[in-house]
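Engineer: Below: one structure in structure tokens.
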Amino acid sequence: MAQMMTGKQAVLEMLKAEGVKHIFGNPGTSEAPLIDMLGDYPELQYFLTLQESVAMGMGESYARATEKPSFVSLHVDSGLANGIALMLDALNTGTPMVITSANYDARKVNETKTDLAELVRPVTKWSVELNLPDQIPSVMRRAFHEANSHPKGPVYVGFTANALEAEAEMNIVPSSKMHDSYRPDPKGIEEAVKLIMAAKTPMMMVGDRVSEDHANDLAVELAELMGFPVYQSRGAEVSFPTTHPQFFGNHTLRVTSSQKSP
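The opening residue of the sequence shown carries number 6 in the numbering used here; numbering runs sequentially from there.
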């Protein structure tokens with residue numbers, strides 16, 4: 006049933022609905038409306054950091070450890086920019102994160118108001134900024150769904166002061182549960198087998214998707230069956246036992262392509 010509430014209340018209600026327990030952040034004055042309301046939500050624990058990259062690092066680590074989307078709140082403009090490097094890292098490693106910041110009044114287009122969604126678009130799966138409070142529930146649902154659907158990654162949602170402070174009737178409904186059971190394409194498997202059998206010096210490269218899908222044992226079984234030397238992509242979770250005699254260390258696809266024989 007729809008309830009009348011402010012946008013800032015809708016944000017926190019959606020976090021509750023999504024099962025979020027922790028907020029990692031470094032707030033500023035534009036985030037004050039959300040911070041002020043946290044006293045009414047004791048189930049949401051706020052971790053205050055000294056710099057935005059620390060908040061991003063904590064959020065990324067939490068998401069990788071729990072396999073659940075983390076929620077990170079950064080400050081407007083330069084604060085959000087300070088988190089961009091680790092957004093790129095989260096995008097490359099497929100780490101599910103929902104990142105937010107609060108912007109100024111939407112009418113201040115000519116008064117140094119930055120397009121925050123555009124700022125982080127290259128390093129996120131999806132980015133958007135909201136001007137109306139009743140946009141918040143549906144967009145927050147999509148944000149958590151996008152972050153946690155394959156390929157997983159960081160999503161950005163910005164809120165203008167208009168969206169946070171205004172009131173509207175809203176329904177608080179969480180995102181749908183993810184079902185990640187997939188069957189590979191039989192033709193694709195046949196093509197992969199042909200490529201492997203025709204290769205002169207085949208090798209096996211494992212990365213985050215192996216550990217994310219708990220397929221480590223299957224990777225070991227395949228490597229031992231085929232006798233592959235195994236490399237792990239740099240920066241990935243441990244996807245293959247490092248003490249295994251067929252493990253040869255870390256590698257990158259860039260290095261692999263540069264070492265192709267003429």
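For glycine and all other residues, C-beta sits at the position ideal for the given N, C-alpha and C. Just so it is clear, the structure is predicted and the values come from calculations on it, not from any experiment.
How long is the line joining the alpha carbons of R214 and V16, rounded to whole angstroms?
Structural biologist: Position 209 of the sequence shown, counted from the first residue, corresponds to residue 214. Position 11 of the sequence shown, counted from the first residue, corresponds to residue 16. Each residue's alpha carbon lies about 31 Å from the other.
Engineer: Any contact between the segment 167–175 and the segment 197–217? By contact I mean 3 or more CB pairs, one from each, below 8 Å.
Structural biologist: no
Engineer: Identify which residue in D139, A168, G30, T34 has its Cα closest to the Cα of M102.
Structural biologist: In the sequence shown, residue 102 corresponds to position 97, counting from 1. Of D139, A168, G30, T34, the residue nearest in Cα terms is G30.
Engineer: Starting from the C-beta of F233, find all residues in its chain whose C-beta is less than 8 Å away, skip the five residues before and the five after it, and write them out in chain order.
Structural biologist: Start at 1 with the first residue of the sequence shown, and residue 233 comes out as number 228. Within the same chain, F233 has close Cβ partners P207, M208, M209, L227, Q251.
Engineer: Confirm, please, whether the CB-CB distance from V162 to A22 is below 8 Å.
Structural biologist: Translated into the one-based positions of the sequence shown, residue 22 becomes position 17. Translated into the one-based positions of the sequence shown, residue 162 becomes position 157. No, the pair does not count as a contact, with Cβ atoms beyond the cut-off.
Engineer: Is the CB-CB distance between S106 and L121 below 8 Å?
Structural biologist: Residue mapping note: residue 106 aligns to position 101 of the sequence shown, counting from 1. Residue mapping note: residue 121 aligns to position 116 of the sequence shown, counting from 1. In this structure, L121 lies closer than 8 Å to S106 by Cβ.
Engineer: Which class does M269 belong to by DSSP, given the choice of helix, strand or coil?
Structural biologist: Outside the shown range of the chain (6 to 267) lies residue 269, about which nothing can therefore be said.
Engineer: DSSP on G254, reduced to helix/strand/coil?
Structural biologist: Position 249 of the sequence shown, counting from 1, holds the residue named residue 254. G254: strand per DSSP, three-state reduction.
Engineer: Thinking R77 and A60 are a contact (beta carbons under 8 Å), I'd like their distance in whole angstroms, please.
Structural biologist: Residue numbering aside, residue 77 sits at position 72 when the sequence shown is read from its first letter. Residue numbering aside, residue 60 sits at position 55 when the sequence shown is read from its first letter. Sequence inspection shows Val at residue 77; the Arg mentioned does not correspond to that position. Their Cβ separation, rounded to whole angstroms, is 5 Å, which keeps V77 and A60 in contact under 8 Å.
Engineer: Identify the residues that DSSP records as bridge partners of F29: which are they?
Structural biologist: Translated into positions along the sequence shown, residue 29 becomes position 24. DSSP lists F52, V77 as partners of F29.
Engineer: Could you check what DSSP says for H135 in three-state terms: helix, strand or coil?
Structural biologist: Taking the sequence shown and counting its residues from 1, the one referred to as residue 135 is at position 130. One point to set straight first is that residue 135 is Leu, not His, in the sequence displayed. In the structure shown, L135 sits in a strand (DSSP, three-state: E or B).
Engineer: Which of the three DSSP states is assigned to S154 in this structure?
Structural biologist: Translated into positions along the sequence shown, residue 154 becomes position 149. It is coil, neither helix nor strand.
Engineer: Between the beta-carbon of L124 and the beta-carbon of A86, is there less than 8 Å?
Structural biologist: Indexing the sequence shown from 1 puts residue 124 at position 119. Indexing the sequence shown from 1 puts residue 86 at position 81. The beta carbons of L124 and A86 sit closer together than 8 Å.
Engineer: Strictly by DSSP, which residues pair up with Q8?
Structural biologist: Numbered from 1 along the sequence shown, position 3 holds the residue referred to as residue 8. Paired residues: M175.
Engineer: So does L137 have its beta carbon nearer than 7 Å to some heavy atom of the ligand NAD?
Structural biologist: Questions concerning the ligand NAD fall outside what the structure shown contains, since it holds no ligand whatsoever.
Engineer: Give the secondary structure of T71 by DSSP, where H, G and I count as helix, E and B as strand, and everything else as coil.
Structural biologist: On the sequence shown, residue 71 is found 66 positions in, with the first residue counted as 1. T71 falls in the helix class under three-state DSSP.
Engineer: Whole angstroms is fine: what's the gap from V198's alpha carbon to Q140's?
Structural biologist: Position 193 of the sequence shown, counting from 1, holds the residue named residue 198. Position 135 of the sequence shown, counting from 1, holds the residue named residue 140. Looking at the two C-alpha atoms, the distance is approximately 48 Å.
Engineer: Let me check one thing: in DSSP terms, what residues is I104 bridge-paired to?
Structural biologist: As a position in the sequence shown, residue 104 is number 99, starting the count at 1. Looking at the DSSP assignment, I104 forms a beta bridge with V77, Y161.
Engineer: By DSSP, does S180 sit in helix, in strand, or in coil?
Structural biologist: Position 175 of the sequence shown, counted from the start, is the residue given in the question as residue 180. The three-state reading of DSSP puts S180 in coil, since its state is none of H, G, I, E or B.
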